[in-house]
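Asker:
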Ligand SMILES: O=C(O)C(=O)C[C@]1(C(=O)O)C=C[C@@H](O)C=C1
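Residue numbers (our numbering): 94 to 450.
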């Protein structure tokens, strides 16, 4: 490669960087002006963010992949929003958990993330106004529903205003560089289960598997003892400065966790939305079928159905249902009206944009 050609490309990059910088600040100036128009009210607009990201992906003609440009714009909006007002996001800690990664995926790095000891506490700090939003895991593609989040959603005054899908990649992490001498592997019970085959195939049988409260806690423990390893994700590896001895060791390659974002407000329609509901049905034959028939009658598709025993009455069930569409649409309103006539209890948990990233 000739030095001259290299220099000409770097000069071009310098010139473009100066333009990009000037444009970013122009964009931030508009965001600040919008912030002033909002007059100290609601600054975070998930429907607008979803539209911005979807449009960027559509406009993109490469060579950068759609996902990369969307991630860059995620961070640009995060920085713009933080000059309107910085947001605080509560999540199930400690630092380095997948919940924290989900919070950053949704709000970008300019948001302040606040680790909480439990999902209950994360809801409570937002309900009490000590944080703006909570990001809580609701289901995993291999392990199923997160019951505690579902239970909390039944009674919280908070509304769902977004969803985040996070691919879960587990790595074997350790302070030392090689596999030799590992006596114990720490991880959350779910992650040990999700990497069961890999552990059987790659570590001696005498290596003890110890379940702890979170993957981040596992990484912390592994960082203290040269004979221990942890199974955890990238954020925990970074947080505790551990080597990745083996990457993506989950047995199921499409392992994904879905998180919900909840805050104290409703969200306008973005054009591609979902509505989450919880309702009760009587425990008698055909009750569920009868309850759900208004969906088909109004041409509304169901994207999720999860049943859970109600904690109020024996043999009564709650049904968590996600439907396509927003509560401002007539077909969704008609469906809700019909559901309210049939079910003893219906609560709209929130209407929000379908995940774009
Ligand atoms: O459009 C707005 O309401 C803005 O505040 C601007 C902006 C952006 O940077 O594009 C920032 C934050 C909002 O959550 C949505 C979009």
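We put the beta carbon where it would ideally sit given N, CA and C, even for glycine.
(1) Would you say residue 454 and residue 329 are within 7 Å of each other, going by their C-beta atoms?
(2) Tell me the start and end of each unbroken beta strand (DSSP E) in the region 135-186 that is at least 3 residues and wholly inside, in chain order.
(3) Residue 183 to residue 241, Cα distance in whole Å?
(4) On the three-state DSSP scale, how would you describe residue 122?
(5) Once the 5 residues before and after residue 239 are set aside, which same chain residues still bring their CB inside 8 Å of it?
(6) Considering only the beta carbon of each residue, do residue 368 and residue 448 sit closer than 7 Å?
(7) Among 397, 208, 335, 153, which one has its Cα closest to the Cα of residue 270?
(8) Report the three-state DSSP secondary structure of residue 396 (helix, strand or coil).
(9) Count the CB pairs spanning the region 353-361 and the region 139-159 that are closer than 8 Å, and state whether there are at least three.
(10) Helix, strand or coil for residue 322, going by three-state DSSP, please let me know.
(11) Considering Cα atoms alone, identify which of 294, 306, 268, 113 is closest to residue 317.
(12) Need the endpoints of the alpha helix (DSSP H) that residue 220 sits in, please.
(13) Nearest to residue 163 by alpha carbon, out of 259, 151, 173?
(14) Could you tell me the distance, in whole angstroms, from the CA atom of residue 381 to the CA atom of residue 300?
(15) In this structure, does DSSP put residue 453 in helix, strand or coil?
(16) Give the secondary structure of residue 402 by DSSP, where H, G and I count as helix, E and B as strand, and everything else as coil.
(17) With respect to 6 Å, is the separation between the Cβ of residue 142 and the closest non-hydrogen atom of ligand 1 below this value?
(18) Please name the residue, chosen from 365, 200, 402, 384, that lies closest to residue 420 on a Cα-to-Cα basis.
(19) Kindly identify the DSSP beta-bridge partner or partners of residue 260.
(20) What three-state label does DSSP hand residue 342 in the structure shown?
(21) Is it true that the region 289-303 meets the region 252-259, where meeting means three or more beta-carbon pairs spaced less than 8 Å apart?
(22) What is the DSSP secondary structure of residue 109, counted as helix, strand or coil?
(23) Grab me the residues of residue 171's own chain with a C-beta within less than 8 Å of its C-beta, minus the 5 sequence neighbours each way, in chain order.
(24) To the nearest angstrom, how far is the alpha carbon of residue 384 from that of residue 397?
(25) Is the beta carbon of residue 341 closer than 7 Å to that of residue 325?
(26) Looking at ligand 1, does it come within less than 6 Å of residue 173, judged from the CB to the closest heavy atom?
(27) Using the three-state DSSP reduction, which class does residue 456 fall into: helix, strand or coil?
(28) How long is the line joining the alpha carbons of residue 404 and residue 437, rounded to whole angstroms?
(29) If we count the other Cβ atoms within 10 Å of its Cβ and call it buried at 16 or more, is residue 130 buried or exposed?
(30) For residue 329, does the three-state DSSP call read helix, strand or coil?
(31) DSSP puts residue 267 in a beta bridge; with which residues?
Answerer: With the structure as the only source:
(1) This structure cannot settle anything about residue 454, because the visible part of the chain is limited to 94 through 450.
(2) 181-185
(3) Locating residue 183 in the chain shown gives position 90, counting from the first residue. Locating residue 241 in the chain shown gives position 148, counting from the first residue. Roughly 16 Å between the two C-alpha positions.
(4) Along the chain shown, one-based indexing puts residue 122 at 29. Looking at residue 122 - three-state DSSP - the assignment turns out to be helix.
(5) Looking up residue 239 in the chain shown gives position 146. The residues are 212, 229, 230, 231, 232, 233.
(6) Counted from its first residue, the chain shown places residue 368 at position 275. Counted from its first residue, the chain shown places residue 448 at position 355. No. Outside cutoff.
(7) In the chain shown, the residue the question calls residue 270 occupies position 177. The candidate whose alpha carbon is nearest that of residue 270 is 335.
(8) By one-based count along the chain shown, residue 396 stands at place 303. In the structure shown, residue 396 sits in a strand (DSSP, three-state: E or B).
(9) yes
(10) The residue given as residue 322 occupies position 229 in the chain shown. Residue state, collapsed to three classes: strand.
(11) Working through the chain shown from its first residue, we reach residue 317 at position 224. For residue 317, the nearest C-alpha among the options comes from 268.
(12) The sequence position of residue 220 within the chain shown is 127, counting from 1. Run containing residue 220: 212-220, per the alpha helix (DSSP H) assignment.
(13) Numbered from 1 along the chain shown, position 70 holds the residue referred to as residue 163. It is 151.
(14) In the chain shown, counting from the first residue as 1, residue 381 sits at position 288. In the chain shown, counting from the first residue as 1, residue 300 sits at position 207. When rounded, the distance between both Cα atoms is 47 Å.
(15) This structure leaves residue 453 out entirely; the chain is present only between 94 and 450.
(16) As a first step, residue 402 must be located in the chain shown, where it is residue number 309. Of the three classes helix, strand and coil, the one that applies to residue 402 here is strand, per DSSP.
(17) For the purposes of this step, residue 142 is taken as the residue at position 49 of the chain shown. Yes, Cβ of residue 142 sits closer than 6 Å to a heavy atom of ligand 1.
(18) As a working mapping, residue 420 is identified with position 327 in the chain shown. For the residues 365, 200, 402, 384, the minimum Cα distance to residue 420 belongs to 365.
(19) For the purposes of this step, residue 260 is identified with residue 167 of the chain shown, where counting begins at 1. The partner list for residue 260 (beta bridge, DSSP) reads 349.
(20) As a working mapping, residue 342 is identified with position 249 in the chain shown. Coil at residue 342, not helix or strand.
(21) no
(22) Locating residue 109 in the chain shown gives position 16, counting from the first residue. It is helical.
(23) Along the chain shown, one-based indexing puts residue 171 at 78. Hits under 8 Å: 200, 201, 202, 203, 204.
(24) For the purposes of this step, residue 384 is taken as residue 291 along the chain shown, with counting starting at 1. For the purposes of this step, residue 397 is taken as residue 304 along the chain shown, with counting starting at 1. If you take the alpha carbons of residue 384 and residue 397, they lie about 15 Å apart.
(25) For the purposes of this step, residue 325 is taken as the residue at position 232 of the chain shown. For the purposes of this step, residue 341 is taken as the residue at position 248 of the chain shown. No; because the gap between Cβ atoms is not below 7 Å, this pair is not in contact.
(26) Looking up residue 173 in the chain shown gives position 80. Yes, the Cβ of residue 173 comes within 6 Å of a heavy atom of ligand 1.
(27) The question about residue 456 has no answer, for the chain in this structure spans 94 to 450.
(28) The residue labelled residue 404 in the question sits at position 311 within the chain shown. The residue labelled residue 437 in the question sits at position 344 within the chain shown. Between residue 404 and residue 437, the C-alpha separation is close to 15 Å.
(29) Walking along the chain shown from the start, residue 130 turns up at place 37. Exposed, by the Cβ-count rule.
(30) For this step, residue 329 is matched to residue 236 along the chain shown. Helix at residue 329.
(31) Taking the first residue of the chain shown as position 1, residue 267 is located at position 174. Answer is 322, 336.
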